[in-house]
Each structure stands twice: as structure tokens, then as C-alpha cells.
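Peer 1: Below is the structure I would like to discuss, written out as C-alpha cells.
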Amino acid sequence: MAAPLHSPCAMKSGRRLLLLVPVLAGLAAACGSTELPGARKKNAPADTDRAREEEKSGQTDAVDPGTSEAAKKPSPLPPLEPTALTKRCAVRLSIALTGKSPDPALLATKEVGAAVDKLMASPDFAERYARFTNAELNGAPAAASEDPVYFLAKHVIANDKPWSDLFTGKYRLEPIEGGMRVSDDPSGLGYFRSDVWRKRYAGNEPDGVMLSAAFRIFQNTTGLELNASVGNPDEDRTAKGRSTGVCKSCHFQDWYALDTAAKLLPTKKGEDMEITFAPPTAGPQQLLGKALADDRALVETLVASDAWRFAQCRNVFKFMFGRQENKCEAVAFDRCVEALSTQKTIRAAVAALAKDPSVCK
Amino acid sequence: MQVKRFLAAAASVFAFVACQAGDEFDDSDQNVEGSALVCTSPPIPRSYVGFDQNKLEQKRPDEAVDLNRARFKPFSVMADEYKRVLGVVPKSLAPAREAFGDAPERWYAEPTHSGVSLTTIFNVGLDGCTATVAERTKAPTAETATAFCKDLMEKAYSEDPTAEQVAVCVDLATTKLASVTDVRSRWAQVCASILSSTPFLTY
Chain H
1 MAAPLHSPCA MKSGRRLLLL VPVLAGLAAA CGSTELPGAR KKNAPADTDR
51 AREEEKSGQT DAVDPGTSEA AKKPSPLPPL EPTALTKRCA VRLSIALTGK
101 SPDPALLATK EVGAAVDKLM ASPDFAERYA RFTNAELNGA PAAASEDPVY
151 FLAKHVIAND KPWSDLFTGK YRLEPIEGGM RVSDDPSGLG YFRSDVWRKR
201 YAGNEPDGVM LSAAFRIFQN TTGLELNASV GNPDEDRTAK GRSTGVCKSC
251 HFQDWYALDT AAKLLPTKKG EDMEITFAPP TAGPQQLLGK ALADDRALVE
301 TLVASDAWRF AQCRNVFKFM FGRQENKCEA VAFDRCVEAL STQKTIRAAV
351 AALAKDPSVC K
Chain U
362 MQVKRFLAAA ASVFAFVACQ AGDEFDDSDQ NVEGSALVCT SPPIPRSYVG
412 FDQNKLEQKR PDEAVDLNRA RFKPFSVMAD EYKRVLGVVP KSLAPAREAF
462 GDAPERWYAE PTHSGVSLTT IFNVGLDGCT ATVAERTKAP TAETATAFCK
512 DLMEKAYSED PTAEQVAVCV DLATTKLASV TDVRSRWAQV CASILSSTPF
562 LTY
């Protein structure tokens, strides 16, 4: 999901580094999404035999997002065979899933699946995955009363709620002493509408447009990666300025058009502790191939996509192995996606990978 | 001087482990080019389509299925790990928390190590090992070193050590550290070298 920096933007930021004025903190104007021909050749799968064959045969990648043929009619995955649990594997599973050394009962367990079930029933799993998620979806640690991702993730995992609830669930997150309270709220939207999250990612766009929050919504749900760019000292940084030149693509043209998405979000008023939010007034926006009425429609569309499922299982791989999946691990990855799609919980998605025989190789 | 000798002992075990990993592959030209590390028979993956209409699975690294699995154990497990292997938790472990890169509350960080942290790890291991070899009053022989190395490696690595691993450990105890006149110190250094090697420090 990485969008390489457009070359003119990169050149600008390199040449005028000392003159840079931080205008749009966090994301700023994440200029450019057009891939450089060279970058495409270097990073894209054009390097692989399969991709070369596809290019030769004229196959195209174009499929409607979230409605791929594979998603509609997935081919059956090979069944999981029971795998004997070695001591070394018990250590690996225990530390990866709970952050703890294996206890004697786990070491006495004979089969990987049973060991995984024991470990994932532990509150230590909810704690570890909530921490992991917090670190993946935020740039840095925060105070306990300003940490909605961690507290909601832990709530969702511990109560076996659908993982999508983290992003679209109807919850309220309120600061309390030593943490945050999670309660039901019909107007909630995961943690995205919590006051502390909005303040954290309100950004500093001059007119209060929440570009940083818009980027975070895309990043958190689909793993979108953008390289932040910076403006020149005399550059027009208003929406009008961002709608021209190399900034136009990220802000108004690409599938994640940040300014368009931000119109679905509130507008920031005031600074620091005095920040308040005014409701959006621009009305429905055309984005992600449809007219989106509000931020709920935006996030729900993102969460209903292949991109969301893919990003969640890539995170599951990072959690289990400290790295993303590779080509040889495609079947294990597909098991994760299938478990997430059918059983809905992140516990099921992690278990699907953790029980794969390759984990203990 | 003592520290240098300790580190040399640990380094010999590290180097040995690295050689072992390399020995899993033959020396053909094919492997020199690194093709043994790539996925030679990739499964046909399901396809996932992004909002930009690209296939999301296409940029996966071309690596073998069990590559890059070893990760450093986090600080949170080290007390239990030392206890499991040595029967004691080294007193120097808790103050070394920062050397292990432990994550703050509600946060997660993949442990990484530097020369400083690896030195600290050796010293923590030596601290714990010194307490556990207090009863050893005779210098290691091939026989006693073999038994010691096999037993400790099995506990530390959570699997049976290879013959080569044991041989290197025995050589360290009987030859490379032969100039260490303090017998307990010699056993402790052998022990600490095992607890500084990657099969113990990773999972």
C-alpha cells in the first residue's frame, strides 16, 4: 500500500530543508502518489516470474476493490494437519502469543493446536495484542488517559467482539484515572470519534482541516503508507494550493484523497488544550467509488474491503514473526484472512496462523 | 582483560551458531547466489485487491517459508528463562532492563540489540552462572564438560544440541579457557557463553 513520493516533491523537500516551516504536522501534505518508472521497476512485482508472465499474457490487475473473484469464490485451503509440539515450539508460541515463558503445563502439551488454544485463552494474549495494535496504529506511546486504541483493542479482544469493532464499533471512550473507560454509545465509531484521538491527530492545517486524522484513518484500516512532504515558505498551503501541482494527487485525486476524506471529518477550532471540533458541513463526498455521507460511511467502506482484511492479517504476521508474510507463506496468510472473514475476531485470525505447521519450522 | 576473555568466549559461541546456520546449505553456485533462500515452490495465493486496483499480495518478499523466524526474547520473559535454565534469576537482570529495550506500558517494541546490550547480556548470564557453578571445584575435563554442555544447552535451547555445538562448548571449557586458573570462573564463563548464544536469546 506504499505510495512512493512524487519526484518533484522529493526534490523540493531535499533542496529547501533548512527553509521548511512545519505547516501540516504529522502528515502535512503527503504529496505525490504517481510512481516513478524506476521505482516501479525496482519494487513492483514486475521482478517476479509470475508478474512477467502476467505482463506477457496481457493480464491486468484491475478488479473492483473488495469484490475480487477470490473474495467471492475462494478456493478451498488445504486442511490443517495436527502438528506435534516440540519444546522449542512451545517457547516460540508462548512468547509470541503472550509475551511469557511457557509454563510446565504448556510444555507438557503434545499438540500445537491445543497449545495455541491454551495460550490464546489467556488474558496475556489480549494484553499483548492490544499493545501491538497500539504501536502499529500510533506513532508513539501516550499517557494512559489518552490511549484509546490500546483500551478499545483490549476490550474488543477480551470480549471476543468482531475485530472490525475496533474501527467501527459503537463505543464511547472516556478518560478516567489511570486509563480510559469503554462503554456503549450509538454515535461511536471505534476510537475515531473519541475526543483524545481527534485532538491527537487534529494536525495544524491553517483552516482546521483534519488532514492528519484523515491519513490516520486510511493508515489504521488499510496500512496505507505515505511519505510526508513539506511546503515551501511562500507556498499556498490552503486547500486551493493543495489542489494544484504535485500535491493534487494525494489531496484530491488518489483513492485516499486526503482533503476529500477530511471533509467528512469535523474541523478543528482553537489550539492545544482549547481545541474544539465543529461538525462537517460539506455534505456527502465522492470517494472510494461511491458517495460517502459521513466518517462512518468512510470507515465502514474501508473495513469492508480486501485492503482491510489484508492489512489486519499482515499485522497478524508481524505479531507472530516480527515481519510481514513472504511468498512461501501465502497459504497461512489466506487462512488468517479466511478466519477473520468468517469468524470475525482477531483471536481467530491469529489462531489460524499460529496453528499453521510452518510456525514451528 | 577478564571481560575481553569473556566476550571472546561468547563470540566463539555466536560464531559457531552462525556457522551452523550456514551449514544447512551446500556450497553450490546456486546457493552462493542466494537462491536457496528464496521461495522455490510458492503456493498459488488468493488475490486481494486494493482500492488502487493493484493486487496487494504482489509485493511479498520472495523468501523461503521458515526464513527469518528467530526473534530476540523480550525482557519480560528473561527472568523466567534464566530461572528455567539456571534455577535462579540473576540479581543483575532487573537493573539491566533498559539494555533489553523493554517497551513502556501499553506499548510494544520488537527487541533489538547492540554491542552494549550483548555485553550486558553476557554479564547477566555470568552473574547467574557464577551462582549455579559454586559446587564445581574441579577443572573441566572432556567428560565433565560434555555432560555440562549438553545438559545446559538442552535446557537453554529447549531442544537437543547438535554434536558440533557440544564439541565447540567442550573445546571452550577444556582448551580455550585453560588459562583461567579459577575453576569456578572457568565453568561460569562456559555457562555464560551458552546463555549469550542465539539459540537461547531467540525464540
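So the protein sequences, as listed, match chains H and U. Residue 1 is where the first sequence starts when you use the numbering used here, and the numbers rise one by one after that. Residue 362 is where the second sequence starts when you use the numbering used here, and the numbers rise one by one after that. The beta carbon of each residue, even a glycine, is placed where N, CA and C say it ideally should be.
Helix, strand or coil for Q286 of chain H, going by three-state DSSP, please let me know.
Peer 2: strand
Peer 1: For D184 of chain H, name the three-state secondary structure that DSSP assigns.
Peer 2: strand
Peer 1: DSSP on Y129 of chain H, reduced to helix/strand/coil?
Peer 2: helix
Peer 1: Nearest to K100 of chain H by alpha carbon, out of U:F561, U:C490, U:V438?
Peer 2: U:V438
Peer 1: How big is the Cα-Cα spacing for R314 of chain H and Q324 of chain H?
Peer 2: 6 Å
Peer 1: Would you mind sorting I176 of chain H into buried or exposed? The rule is 16 or more other CB atoms within 10 Å of its CB.
Peer 2: exposed
Peer 1: Give the secondary structure of K499 of chain U by DSSP, where H, G and I count as helix, E and B as strand, and everything else as coil.
Peer 2: coil
Peer 1: Closer than 9 Å by beta-carbon distance: list the chain H residues that pair up with E525 of chain U, in chain order.
Peer 2: Chain H residues near E525 of chain U: none, gap ~17 Å exceeds 9 Å.
Peer 1: In terms of DSSP beta bridges, what is V410 of chain U paired with?
Peer 2: U:K416
Peer 1: I'd like to know if Y150 of chain H contacts chain U, where contact means its C-beta is closer than 8 Å to some C-beta of that chain.
Peer 2: yes
Peer 1: Note down, in chain order, every chain H residue with its Cβ under 7 Å from the Cβ of V426 of chain U.
Peer 2: C328, E329, S358, K361
Peer 1: Looking at the structure shown, is T345 of chain H part of a helix, part of a strand, or coil, going by DSSP?
Peer 2: coil
Peer 1: Across which residues does DSSP place A278 of chain H in a beta bridge pair?
Peer 2: DSSP, once it has assigned bridges, lists H:T267 as partnering A278 of chain H.
Peer 1: Measuring alpha carbon to alpha carbon, tell me which residue in H:D272, H:V196, H:G283 is nearest N138 of chain H.
Peer 2: It is H:V196.
Peer 1: In its own chain, which residues sit with a C-beta less than 8 Å from the C-beta of V426 of chain U, not counting the 5 before and 5 after it?
Peer 2: Taken in chain order, the residues that qualify are C400.
Peer 1: Compare the C-alpha of D236 of chain H against each of H:V331, H:K248, H:A228, H:F167 and name the closest.
Peer 2: Cα-wise, what sits closest to D236 of chain H is H:K248.
Peer 1: Using a Cβ-Cβ cutoff of less than 6 Å, which residues in the same chain neighbour V63 of chain H once the five nearest sequence positions on both sides are dropped?
Peer 2: Since pLDDT at V63 of chain H reaches only 42, below the 50 mark, its modelled position is unreliable, and no value is offered.
Peer 1: Within this structure, are the beta carbons of P76 of chain H and K344 of chain H separated by less than 8 Å?
Peer 2: no
Peer 1: P404 of chain U: which of U:L447, U:P560, U:Q419, U:D413 sits nearest, CA to CA?
Peer 2: U:Q419
Peer 1: Can you find the residues in the same chain that come closer than 7 Å, C-beta to C-beta, to K87 of chain H, ignoring five residues on each side of it along the sequence?
Peer 2: L107
Peer 1: What did DSSP end up calling E111 of chain H once you bin it into helix, strand or coil?
Peer 2: Strand at E111 of chain H.
Peer 1: From this set, U:P435, U:L562, U:P456, which residue's C-alpha is nearest I519 of chain U's C-alpha?
Peer 2: Ile is not the amino acid found at residue 519 of chain U; the sequence shown has Ser there. That would be U:L562, whose Cα lies nearest to the Cα of S519 of chain U.
Peer 1: Using only the alpha-carbon positions, how far apart do K416 of chain U and P422 of chain U sit?
Peer 2: 14 Å
Peer 1: Counting only C-beta atoms, is D512 of chain U closer than 8 Å to chain H at any point?
Peer 2: no
Peer 1: For D543 of chain U, count neighbouring Cβ atoms within 10 angstroms of its own Cβ and tell me buried if that reaches 16, exposed if not.
Peer 2: exposed
Peer 1: Using only the alpha-carbon positions, how far apart do L556 of chain U and A228 of chain H sit?
Peer 2: For L556 of chain U and A228 of chain H, the distance between alpha carbons rounds to 43 Å.
Peer 1: Could you check where the alpha helix (DSSP H) with P148 of chain H kicks off and where it finishes?
Peer 2: P148 of chain H -> alpha helix (DSSP H) spans 148-158.
Peer 1: Quickly, what does DSSP pair R172 of chain H with across the bridge? List them, please.
Peer 2: Looking at the DSSP output, R172 of chain H sits in a beta bridge with H:S183.
Peer 1: Measure how close the beta-carbons of A126 of chain H and Y150 of chain H come, nearest whole angstrom, since I'm counting them as under 8 Å.
Peer 2: Rounded, the Cβ-Cβ distance is 11 Å, inconsistent with contact.
Peer 1: Nearest CA to the CA of W327 of chain U: which residue from U:L454, U:L487, U:E424, U:P435?
Peer 2: The requested residue 327 of chain U is not part of the displayed model; chain U covers only 362 to 564.
Peer 1: I'd like to know whether the C-beta atoms of V359 of chain H and T168 of chain H end up nearer to each other than 8 Å.
Peer 2: No, these two residues do not count as a Cβ contact at 8 Å.
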